[in-house]
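Heads up, the thing below is written out as structure tokens.
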Amino acid sequence: MKQAILLLIICFGVFFCTIAEDPYRFYTWEVTYGTRAPLGVPQQVILINNQFPGPPIEAVTNDNIIVNVINQLDEPFLITWHGIKQRRTTWQDGVLGTNCPIPPHTNWTYKFQLKDQIGSYMYYPSTLLHRASGGFGAINIIQRSVISIPYPEPDGDITLLIGDWYTNGYKALQEKLDSGLDLPLPDGLLINGANKTYTFTGQKGKTYKLRVTNVGIATSVNFRIQGHPMTLIEVEGAHSLQEQYESLDIHPGQSIAVLVTLRASVKDYFIVASTRFTKPILTTTGILRYIGSNTPASLPLPVGPTYHIHWSMKQARTIRLNLTANAARPNPQGSFHYGTIKVVRTLVLANAKAQINGKLRYAVNGISYQDPTTPLKLADWFNIPGVFSLNAIKDSPPSLPPVLGVSVFGLTLHDFVEIVFQNTESVTQSWHLDGSSFYVAGYGGGNWTIASRKRYNLADAISRHTVQVYPLGWTAILVSLDNKGMWNLRSQNWSKRYLGQQVYLRVWNDEKSLFTEADIPTNALRCGKALQF
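Residues -20 to -1, 1 to 513 in mature numbering (1 follows the signal peptide of the UniProt record, and there is no 0) are what the sequence shown spells out, letter by letter.
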């Protein structure tokens, strides 16, 4: 008996000795205007700590992140953490539906945890068109040391932020949109904030992990490396089947990770990014330089796809989940059999371009979203009337012309929901969901119907948080809404989002518990009708 008691005491002591709070990483970011010339033309950009792009967050699964953002711009400002699930902390999401913006020349501190996540993500401004002038950067999360990865440990880890760019600043772009005009084709493409100057140096025989993110505001890109096939290993926090590709399409807001082994002759090679579905095609290049190289890269550039929509859709269907790989925790990702779960609600969301009150707007299911002066989450928390009504937006497209409004779907915590994005335009769309990842069940052309479900991948569809919808086509996703809060579902074509192409999902239950949702932060900003609380 004494031995049993002693063992219990030892185990009790060991338990508390080994359970410690996860590490903290502290950042102070000063957001300012500055002058840079990404395309050779000096222009005003948004800097973070005088850096363009902004500094990366390099972290480990479950790390706690504390970011003190000092807004030195002349306008209110917010940063959103694209793809970070914000478990139980919708308060930190950094969009106007959940947060009051940080006033000029003041600061606000974000506090969130990278709970059970691995992979490649990004951050960027969510207010106005600020992200068109910078303020973006990478978030890279590596697995804990006790968790294995399903590929050999690479010899280096490289981040590439690729995106479209305008020589006009965000204020000029906003003025164009507000005047009723769409944005033109961007002026060029950037790799890590530069055009045709990026160089990566590696050693022959070594294998490198490249994290590639499309940080652009509208344009899909194709990525490739001259003479070097790429093995896809991760898509937005999910281990993928390790297929080999000569080139990969990456749509706005999407991230991938690939392995590249330097097996070619010792010389320089072109890294190429080119626009998809645009006329003309915009191209930018970087350089892969072998250590010891004295030979510059030579033309021609590796050929990529241009307007081939079917090619892109076929490639997208090949990107599938690795069912045998561990995730951030040591449990098989394939243990969640999403294809056997009953769908409790289907939302068919159709985008539309419209003139409302004589101005250009974009809408979803007949409502062009306008941010109220009081964030939705604050209104919900304090029961403030007159800010939004649940389910004023319909589950399927109405026949009436679009109107201005506030779109909030009311859903229950743990609902398993089918969302269909119906693209009514002849341009590729990109959609992102805050707070959750989803399974990309299917893509198709024309109008979605119930019969389209026969074409779904219900076995090993990739899990991601941002998905493309091809012109005049549809994309279907399946999502378990297991994260309580008020979550933004938005177009990643940023001019469309700015003009109303977004909605919110209120994921709710009546249980008041810190296990499902954290209390309002003590430092939460107040604005609009919430000033009195």
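For every residue, glycine included, the Cβ atom is placed at its ideal position computed from N, Cα and C. Everything numeric in this text was worked out from a predicted model, so none of it was measured.
With respect to Val324, Phe396 sits close: the two C-beta atoms are nearer than 8 Å. Taking the CA atoms as reference points, Asn172 sits about 15 Å from Asp137. For Tyr131, no alpha helix (DSSP H) run applies, since DSSP gives it neither H nor E.
Classified as exposed, Tyr4 has fewer than 16 neighbouring CB atoms from the shown chains inside 10 Å of its CB. Residue pairing of Glu10 in beta bridges, as defined by DSSP: Ile50. For Asp360, the secondary structure class from DSSP, reduced to helix, strand or coil, is helix. Here Asp229 is buried. Its C-beta has 16 or more other C-beta atoms within 10 Å. The shortest C-alpha to C-alpha distance from Arg111 to any of Arg68, Tyr90 and Phe57 is the one to Phe57. Distance from the CA atom of Phe389 to the CA atom of Ala372, rounded to whole angstroms, is 8 Å.
Residue environment analysis places Ile45 among the buried positions, since at least 16 neighbouring C-beta atoms fall within 10 angstroms of its C-beta. If you look at His110, you'll find it isn't in any alpha helix (DSSP H); DSSP assigns it neither H nor E. The closest CA to that of Gln234, considering only Leu438, Ser417, Gln23 and Asp2, is found on Ser417. In the structure shown, the three-state DSSP call for Arg191 is strand.
Its chain contains Thr60, Ser106 and Asn468 as the residues whose beta carbon lies nearer than 6 Å to that of Val75, once the 5 sequence neighbours on both sides are disregarded; these appear in chain order. The region 232 to 252 makes contact with the region 174 to 187: 3 or more CB pairs, one atom from each, lie closer than 8 Å. When the alpha-carbon of His208 is set against those of Asp167, Pro132, Gly338 and Glu226, the nearest one is in Glu226. Within the region 449 to 482, the complete alpha helix (DSSP H) segments at least 4 residues long are 474 to 478, listed from N- to C-terminus. For Leu153, there is no enclosing beta strand (DSSP E); the enclosing alpha helix (DSSP H) has its first and last residue at Tyr150 to Asp158. Here Asn30 is near Gly14, since their CB atoms are less than 8 Å apart. Contact between the region 357 to 372 and the region 403 to 417 is absent, with fewer than three C-beta pairs closer than 8 Å.
In this structure the region 192 to 200 touches the region 130 to 145; the number of beta carbon pairs closer than 8 Å is three or more. Per DSSP, the continuous alpha helix (DSSP H) segment holding Arg297 begins and ends at Ile289 to Thr298. DSSP places Arg68 outside any beta strand (DSSP E), giving it a letter other than H or E.
A distance below 8 Å separates the beta carbons of Pro377 and Gly346. For Phe401, the beta-bridge partners assigned by DSSP are Leu329 and Thr455.
Between the region 87 to 105 and the region 63 to 72 there are three or more inter-stretch CB-CB distances shorter than 8 Å, so the stretches are counted as touching. In chain order, Thr41, Ile98, Ile129 and Ala308 place their CB closer than 7 Å to the CB of Gln123, counting only its own chain and leaving out the 5 sequence neighbours on each side. Rounded to the nearest angstrom, the Cβ distance from Tyr342 to Gly480 is 5 Å, consistent with a contact under 8 Å.
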